[in-house]
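Peer 1: Respectively, the protein sequence lines represent chains A, B and C. So the first sequence is numbered by the working numbering: it starts at 22 and just counts up by one. So the second sequence is numbered by the working numbering: it starts at 21 and just counts up by one. So the third sequence is numbered by the working numbering: it starts at 27 and just counts up by one. The structure under discussion is supplied below as structure tokens; questions concerning it will follow.
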Amino acid sequence: MIEPVAHFEIGYTRCLDPAGKTVAELPEFARDPSKLVKLYQALTRTRAFDARAIALQRTGRLGTFASSLGQEAVSVGTADAMQPADVLVPSFREHGAQLMRGVTPSELFLYWGGDERGSAYAGPREDFPLCVPVGSHAPHAAGIALAFKLRHERRVAVCMFGDGATSKGDVAEALNMAGLWRLPVVFVVSNNQWAISVPRQRQTAAATLAQKAIAAGMTGEQVDGNDVVAVRFVVGTAIERARGGAGPSLIEAVTYRLGDHTTADDASRYRDDTEVSRHWPEEPLLRLRNYLVVAGHWSREQEEHLLQETAREMDAAAEQYLATPPQECETIFDYTFARLPADLAAQRESALAAKHAAESSRPPGGAAQ
Amino acid sequence: MSSFALPDLGEGLQDAEIVAWHVAEGDHVVADQPLVSVETEKAVVEVPAPRSGRVAKLLGKPGDRVKVGAPLVIFEDGPHADTGAVVGELAAGPTPAPAAAPAVRALARERGINLASLTGTGRNGAITRADIERAAAARGSGEPLKGVRRAMALNMARAHAEVAPASLWDEVDVEAWHVPDTDITVRLISAIGIACRAVPALNARYDGKSMTRELLAHIDLGIAVDTEDGLFVPVLRDICNVTPTELRRKLTVFKEAVRNRTVAVADLRDPTITLSNFGSVAGRHAALVVLPPQVAIIGAGRIYRHATQHGGGVAWHHMLPLSLTFDHRVVTGGDAARFLAAMADDLKRPELPLSRGSHVQGD
Amino acid sequence: MTEISLLQAINLALARAMAEDERVLVLGEDVGVDGGVFRATDGLLKRFGPDRVLDTPLAEAAIAGLSVGLAAQGFRPVAEIQFAGFIYPTIDQLANHASRLRTRTRGRITCPMVLRSPCGGGIRAVEHHSESPEAMFAHIPGLRVVIPSSPRRAYGLLLAAIRDPDPIVFLEPTRLYRAAREDVADDGAALPLDNCFVLREGSDVTIVTWGAMVVEALAAADEMNREGVSAEVIDVATLKALDAETIIASVKKTGRCVIAHEAPVTGGYGGEIAARIAEHALLSLLAPIERVAGFDTVMPLPRLEDRYLPKAAQIAAASRRTMEYA
Chain A
22 MIEPVAHFEI GYTRCLDPAG KTVAELPEFA RDPSKLVKLY QALTRTRAFD
72 ARAIALQRTG RLGTFASSLG QEAVSVGTAD AMQPADVLVP SFREHGAQLM
122 RGVTPSELFL YWGGDERGSA YAGPREDFPL CVPVGSHAPH AAGIALAFKL
172 RHERRVAVCM FGDGATSKGD VAEALNMAGL WRLPVVFVVS NNQWAISVPR
222 QRQTAAATLA QKAIAAGMTG EQVDGNDVVA VRFVVGTAIE RARGGAGPSL
272 IEAVTYRLGD HTTADDASRY RDDTEVSRHW PEEPLLRLRN YLVVAGHWSR
322 EQEEHLLQET AREMDAAAEQ YLATPPQECE TIFDYTFARL PADLAAQRES
372 ALAAKHAAES SRPPGGAAQ
Chain B
21 MSSFALPDLG EGLQDAEIVA WHVAEGDHVV ADQPLVSVET EKAVVEVPAP
71 RSGRVAKLLG KPGDRVKVGA PLVIFEDGPH ADTGAVVGEL AAGPTPAPAA
121 APAVRALARE RGINLASLTG TGRNGAITRA DIERAAAARG SGEPLKGVRR
171 AMALNMARAH AEVAPASLWD EVDVEAWHVP DTDITVRLIS AIGIACRAVP
221 ALNARYDGKS MTRELLAHID LGIAVDTEDG LFVPVLRDIC NVTPTELRRK
271 LTVFKEAVRN RTVAVADLRD PTITLSNFGS VAGRHAALVV LPPQVAIIGA
321 GRIYRHATQH GGGVAWHHML PLSLTFDHRV VTGGDAARFL AAMADDLKRP
371 ELPLSRGSHV QGD
Chain C
27 MTEISLLQAI NLALARAMAE DERVLVLGED VGVDGGVFRA TDGLLKRFGP
77 DRVLDTPLAE AAIAGLSVGL AAQGFRPVAE IQFAGFIYPT IDQLANHASR
127 LRTRTRGRIT CPMVLRSPCG GGIRAVEHHS ESPEAMFAHI PGLRVVIPSS
177 PRRAYGLLLA AIRDPDPIVF LEPTRLYRAA REDVADDGAA LPLDNCFVLR
227 EGSDVTIVTW GAMVVEALAA ADEMNREGVS AEVIDVATLK ALDAETIIAS
277 VKKTGRCVIA HEAPVTGGYG GEIAARIAEH ALLSLLAPIE RVAGFDTVMP
327 LPRLEDRYLP KAAQIAAASR RTMEYA
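Structure, rendered in structure tokens:
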């Protein structure tokens with residue numbers, strides 16, 4: 022006689038539909054138009070940064086870049102729900118979250134342009150730099166949350182990663198530990214349906230990614246990742262739950278990757294353009310803009326002004342980045358250890374010697390004869 | 021290539037101002053993806069892409085007004101290169117070097133043959149010694165230019181292609197100071213300095229591509245020096261602030277250095293104007309070659325004696341022929357003439373002007 | 027002062043470090059209630075409580091990753107990996123994160139963690155429990171690798187490792203855990219990292235080694251001494267960052283060198299040391315540099331283990347060979 026011993030349910034939250042109409046009662050914060058305008062401005066700023074980065078890459082002035090086109094609401098909604106003392110542990114596609122947390126566009130340009138100073142954030146000093154080996158930062162977030170718990174601090178770690186990361190062992194291990202020890206951490210999965218060329222249906226047999234939380238003994242839920250109001254609400258609720266000691270959650274934000282995996286990827290090789298076209302009407306900026314315009318909280322002048330202002334900001338940041346000369350070669354060594362061991366010091370000397378030799382044989386200024 | 025025009029925005033609107041582009045040149049876009057935001061009288065409107073494709077060119081920048089029906093974006097048609105990477109840039113790899121054994125390469129170097137210009141007849145297309153000898157024989161007994169001579173050939177050809185030269189000649193009576201068989205270079209340098217200050221237009225840098233002229237405050241004078249190996253032009257820096265003694269010393273040092281081939285690369289760079297004292301050998305007047313970005317070059321010919329009116333009768337005076345060739349794209353005949361006149365005036369004087377001498381610190 | 031084992035020295039050092047600095051945490055599988063499968067963390071849970079000694083789930087990669095997060099937040103985690111055979115999942119976290127955090131954030135975030143694990147064979151253990159992976163870790167830039175060979179050095183070096191602001195892999199020779207015994211003062215005094223220890227001075231041949239092979243090397247030196255050959259024995263201790271200066275000075279003095287390690291010879295750390303000697307002391311060499319090391323095979327199971335492990339006799343034979351040249 023088989024008796025059921027466990028059930029689970031995964032909820033889905035949406036407040037604004039793709040056309041910008043409300044489909045559920047708006048949360049408290051969303052009834053303040055100025056708050057929604059701020060969110061819209063952040064979304065636009067994220068997209069402007071993204072576009073500028075791509076333009077720089079196309080003109081050979083930035084390295085390979087991972088665009089967040091279409092996923093801005095997940096990043097903005099999540100970061101907006103965090104307190105300054107919370108810590109963000111991002112993957113490599115959450116530029117919107119990093120920007121909201123106080124990382125400057127020129128710091129981001131520096132990182133993607135290939136300069137470590139881009140990760141030495143002047144703003145959010147404890148936020149982790151972005152993580153390239155997929156999912157390997159989930160245990161870091163658990164460790165940070167454990168630190169908060171051991172010190173009895175009312176702070177929360179927020180870890181963001183994509184659908185592909187949910188297949189990684191590191192993520193499963195981190196979820197398990199977080200659930201077991203009721204760590205103050207929120208895991209936000211930005212499910213953009215694609216892990217490079219692998220669609221979500223071929224990533225896992227699980228019906229939702231949110232239900233991976235159940236296996237770790239924590240709350241799991243889904244949210245419309247293109248509805249920044251819903252994201253802000255759901256992630257905000259989870260963060261405050263964690264802050265109050267009720268433990269971790271996993272939130273699957275369902276969105277769509279409208280761009281290529283990176284600027285070195287050609288998605289048309291594995292993905293049909295018509296599918297992408299179908300998802301454009303669902304994108305996050307459009308629906309919030311429509312809502313605001315219809316509700317009378319956003320005008321043509323404001324839109325124009327915002328587009329111009331964000332373009333100016335990104336132009337200035339790009340200029341600052343382009344005007345920043347590369348670091349001296351000694352910096353390759355200087356940050357490896359707190360104090361330079363003898364054998365590494367010897368290598369640093371030889372690098373310096375090579376630099377000086379190259380400098381003295383180079384003719385000063387002027388064109389070649 | 022196909023172009024996409026600004027569509028009819030409705031309500032009888034004829035044109036719109038570009039507010040912001042949402043895509044960049046080179047982007048792959050899909051149908052309905054927003055390309056650009058434009059401002060009409062009524063609203064800021066997002067214009068979606070009509071089809072999927074690669075953006076070749078954006079026609080217009082934020083702030084530009086575009087008419088309805090005018091081209092807005094050029095799409096690239098046809099297949100594009102497969103980048104085949106997700107991160108980083110994979111260099112295509114060098115074109116394979118021609119195969120040749122070490123001894124064959126040494127022979128090629130000796131004969132001055134460029135391996136890349138040959139097709140090898142050896143095993144698997146390798147280049148053989150016979151291939152090298154054949155190429156050398158075909159070229160004839162001519163010796164390919166190397167080093168300084170090669171540089172001169174390239175520079176003169178470039179100058180010829182770019183510059184519009186014009187020349188002016190004059191004779192200067194230097195009887196007042198000339199001592200036969202002594203070096204007159206220092207006086208020539210002094211005269212050039214004075215003339216440059218009087219007519220700065222001849223001490224300038226001109227870039228034909230951007231059509232910009234920069235007048236230069238400092239005068240770095242190139243001195244043409246002739247050697248067996250070819251023409252060297254060491255540069256005396258900032259001649260107006262150097263004492264005559266120092267100039268003489270520097271000239272001697274340069275001549276030595278050129279002779280020994282120890283002259284530093286830095287000392288051969290960026291003259292702002294040049295002097296060729298060819299008259300120390302022979303020749304009266306010359307239309308010399310102006311090397312861009314300079315705009316002028318002065319030639320001093322061989323001093324000769326000339327019967328001239330003096331007092332009530334005839335006297336034999338030493339005359340110094342002067343040539344000035346200038347780039348007429350940017351220097352006027354008037355400037356050139358005034359420059360020459362200033363030089364001539366100075367060279368007629370019996371002594372170096374006091375202002376030059378006053379720079380002396382214990383000359 | 028009492029005579030204690032290497033294991034007890036580890037336990038003492040951990041307790042001392044935790045008492046001195048409340049940021050020091052111990053975490054790993056079975057380290058709390060059980061005191062560690064070898065009892066390296068015995069008594070620590072009782073003394074310092076569950077907020078300082080954490081029994082983790084069975085998840086090596088996450089143990090290392092968790093340590094990265096804790097260290098970034100200012101704790102000093104000392105994570106235990108139960109056996110070096112299970113250390114491989116941590117390489118990702120060490121190579122991609124722990125060793126790089128300082129440099130990739132220009133010093134904004136650092137990683138003062140220690141990952142300790144029993145290593146090496148000769149304990150007649152089941153498969154996978156006799157690994158010597160030190161060369162793999164030594165190859166990772168930004169990571170230190172430390173291997174003690176005696177109770178005193180275990181105590182002093184572990185204290186130094188815990189106090190160091192950068193990540194360290196601390197590999198403990200399992201077969202010396204109980205076999206090595208000596209007097210150790212629990213005085214909190216650290217020994218210097220990045221330093222070789224000259225355990226025995228000599229003038230004819232330099233034996234360079236680390237870990238459990240130190241015991242074999244000293245025995246070989248005794249044997250050579252009876253034959254009138256004076257061997258100098260150097261315990262490298264900190265493989266990375268290497269104190270090449272001490273080794274080179276010694277080889278310049280003796281002119282002969284034998285490098286001994288238990289790990290397989292090809293790609294083993296002995297190659298690095300041999301290269302440095304060739305680079306800086308070639309003109310002093312009277313004989314080729316010898317390596318006594320494990321075969322390029324997996325450590326055989328207990329019945330043949332003895333045929334694999336390099337011993338004093340082989341080190342002595344290699345030393346004799348070097349004496350034959352000049």
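C-beta: ideal position from N, C-alpha, C; glycine also.
If we define contact as Cβ-Cβ less than 8 Å, is Val-64/B a contact residue for chain A?
Peer 2: Yes - at least one Cβ of chain A is within 8 Å of the one on Val-64/B.
Peer 1: Whole angstroms are fine: how far does the CA of Cys-260/B sit from the CA of Gly-382/B?
Peer 2: Below a pLDDT of 50, predicted positions are generally treated as unreliable, and Gly-382/B, at 37, falls in that range; the measurement from the model is reported next regardless. Approximately 17 Å between the Cα atoms of the pair.
Peer 1: Taking all protein chains shown into account, do 16 or more other C-beta atoms lie within 10 angstroms of the C-beta of Gln-224/A, making it buried, or fewer, making it exposed?
Peer 2: Buried: at least 16 other Cβ atoms inside 10 Å.
Peer 1: Apply the 10 Å Cβ neighbour rule to Phe-101/C and answer buried if 16 or more other Cβ atoms are within range, or exposed otherwise.
Peer 2: By the 10 Å Cβ count, Phe-101/C comes out buried.
Peer 1: Whose Cβ in chain C lies nearer than 7 Å to the Cβ of Ser-157/A?
Peer 2: Neighbours of Ser-157/A on chain C, chain order: Gly-91, Asp-118, Gln-119, Asn-122 and His-123.
Peer 1: For the region 98 to 163 of chain A, list the alpha helix (DSSP H) runs that are entirely contained and at least 4 residues long, ordered along the chain.
Peer 2: Listed in chain order, the complete alpha helix (DSSP H) runs (minimum 4 residues) inside the region 98 to 163 of chain A are 116 to 121 and 126 to 133.
Peer 1: Given Ala-388/A, which residues of its chain have a CB within under 8 Å of its CB, disregarding the five upstream and five downstream residues?
Peer 2: Residue placement at Ala-388/A cannot be trusted, given a pLDDT of 42 that sits under 50; what the coordinates show is reported in the next sentence. Same-chain partners within the cutoff: there are none.
Peer 1: With distances taken from CA atoms, which of Ser-125/C, Ala-110/C, Leu-38/C and Met-44/C is nearest Ala-359/A?
Peer 2: Ranking Ser-125/C, Ala-110/C, Leu-38/C and Met-44/C by Cα distance to Ala-359/A puts Ser-125/C first.
Peer 1: Going by C-alpha to C-alpha distance, which of Leu-33/C, Ala-45/C, Thr-272/C and Gly-294/C sits closest to His-165/C?
Peer 2: For the residues Leu-33/C, Ala-45/C, Thr-272/C and Gly-294/C, the minimum Cα distance to His-165/C belongs to Gly-294/C.
Peer 1: I'd like to know whether the C-beta atoms of Ile-273/C and Ile-233/C end up nearer to each other than 8 Å.
Peer 2: No, Cβ-Cβ distance for Ile-273/C and Ile-233/C is not below 8 Å.
Peer 1: Should Lys-59/A be counted as a contact of the ligand HEM given a C-beta to heavy atom distance under 7 Å?
Peer 2: In the structure shown, the ligand HEM is absent, as is every other ligand, since no ligand is present at all.
Peer 1: Do you know offhand how far Phe-208/A's Cα is from Asp-35/B's?
Peer 2: Using only the alpha carbons, I get a separation of about 48 Å.
Peer 1: Let's test the definition: count the other Cβ atoms within 10 Å of the Cβ of Met-335/A and tell me whether it reaches 16, buried, or not, exposed.
Peer 2: Under this definition Met-335/A is a buried residue.
Peer 1: Is Val-252/A helix, strand or coil by DSSP?
Peer 2: Looking at Val-252/A - three-state DSSP - the assignment turns out to be helix.
Peer 1: Taking C-beta to C-beta, are Leu-40/C and Val-59/C nearer than 8 Å?
Peer 2: No, the Cβ-Cβ distance between Leu-40/C and Val-59/C is not below 8 Å.
Peer 1: Under DSSP, the alpha helix (DSSP H) around Gln-119/C begins and ends at which residues?
Peer 2: Unbroken alpha helix (DSSP H) run through Gln-119/C: 116 to 119.
Peer 1: Hey, is Thr-229/A's beta-carbon within less than 8 Å of any beta-carbon in chain C?
Peer 2: No, its Cβ sits nowhere closer than 8 Å to a Cβ of chain C.
Peer 1: Considering only DSSP beta bridges, list what Ala-178/A is partnered with.
Peer 2: Paired residue(s): Val-108/A and Val-206/A.
Peer 1: Starting from the C-beta of Phe-112/C, find all residues in its chain whose C-beta is less than 6 Å away, skip the five residues before and the five after it, and write them out in chain order.
Peer 2: Answer for Phe-112/C: Glu-86, listed in chain order.
Peer 1: For Ala-72/A, which residues in chain B fall below 8 Å Cβ to Cβ?
Peer 2: Within chain B, the residues near Ala-72/A are Trp-41, His-42, Val-43 and Ala-44.
Peer 1: Any Cβ of chain B within less than 8 Å of the Cβ of Glu-325/A?
Peer 2: Yes, Glu-325/A counts as interfacial toward chain B.
Peer 1: Taking Glu-273/A as part of the beta strand (DSSP E), name the residues at either end of that continuous run.
Peer 2: Per DSSP, Glu-273/A belongs to the beta strand (DSSP E) from 270 to 275.
Peer 1: With a 10 Å radius around its C-beta and 16 neighbouring C-beta atoms as the bar for buried, classify Cys-283/C as buried or exposed.
Peer 2: Buried.
Peer 1: Less than 8 Å between CB atoms is the rule here; does Gly-297/C satisfy it with respect to chain A?
Peer 2: Output row for Gly-297/C: interface = no.
Peer 1: How about Gly-164/A and Val-195/C: do their beta carbons lie closer than 8 Å?
Peer 2: Not in contact: Gly-164/A and Val-195/C (Cβ atoms no closer than 8 Å).
Peer 1: Taking the beta carbon of Val-192/B as the centre, do at least 16 other beta carbons fall within 10 Å, making it buried, or is it exposed?
Peer 2: With 16 or more Cβ atoms within 10 Å of its Cβ, Val-192/B is classed as buried.
Peer 1: For Glu-29/C, I'd like the list of residues in its chain whose CB is within less than 7 Å of its CB, leaving aside the five on either flank, ordered along the chain.
Peer 2: Once the five neighbours on either side are set aside, the close Cβ partners of Glu-29/C are Arg-207, Glu-208 and Asp-209.
Peer 1: What did DSSP end up calling Gln-329/B once you bin it into helix, strand or coil?
Peer 2: Strand, per DSSP.
Peer 1: Report buried or exposed for Tyr-291/A, applying the criterion of at least 16 other Cβ atoms within 10 angstroms of its Cβ.
Peer 2: Result: exposed.
Peer 1: Spell out a yes or no on whether the region 246 to 260 of chain A and the region 86 to 95 of chain A are touching, meaning 3 or more CB-CB pairs, one atom from each, closer than 8 Å.
Peer 2: Contact between the region 246 to 260 of chain A and the region 86 to 95 of chain A is present, because at least three Cβ pairs lie under 8 Å.
Peer 1: Can a CB atom of chain A be found closer than 8 Å to the CB of Met-44/C?
Peer 2: False, the Cβ-Cβ gap to chain A never drops below 8 Å.
Peer 1: Chain A beta carbons: is any one of them nearer than 8 Å to that of Val-50/B?
Peer 2: It does; some Cβ of chain A falls within 8 Å.
Peer 1: Could you check what DSSP says for Ser-72/B in three-state terms: helix, strand or coil?
Peer 2: Coil at Ser-72/B, not helix or strand.
Peer 1: Grouping DSSP H, G and I as helix and E and B as strand, with all else coil, what is Met-363/B?
Peer 2: Met-363/B falls in the helix class under three-state DSSP.
Peer 1: Who are the Cβ neighbours of Gln-119/C in its own chain at under 7 Å, not counting the five residues just before and after it?
Peer 2: Once the five neighbours on either side are set aside, the close Cβ partners of Gln-119/C are Ala-87, Ala-90, Gly-91 and Val-94.
Peer 1: Taking C-beta pairs closer than 9 Å, name the residues in chain A that Pro-191/C reaches, listed in chain order.
Peer 2: The answer, in chain order, is Phe-358, Ala-359 and Arg-360.
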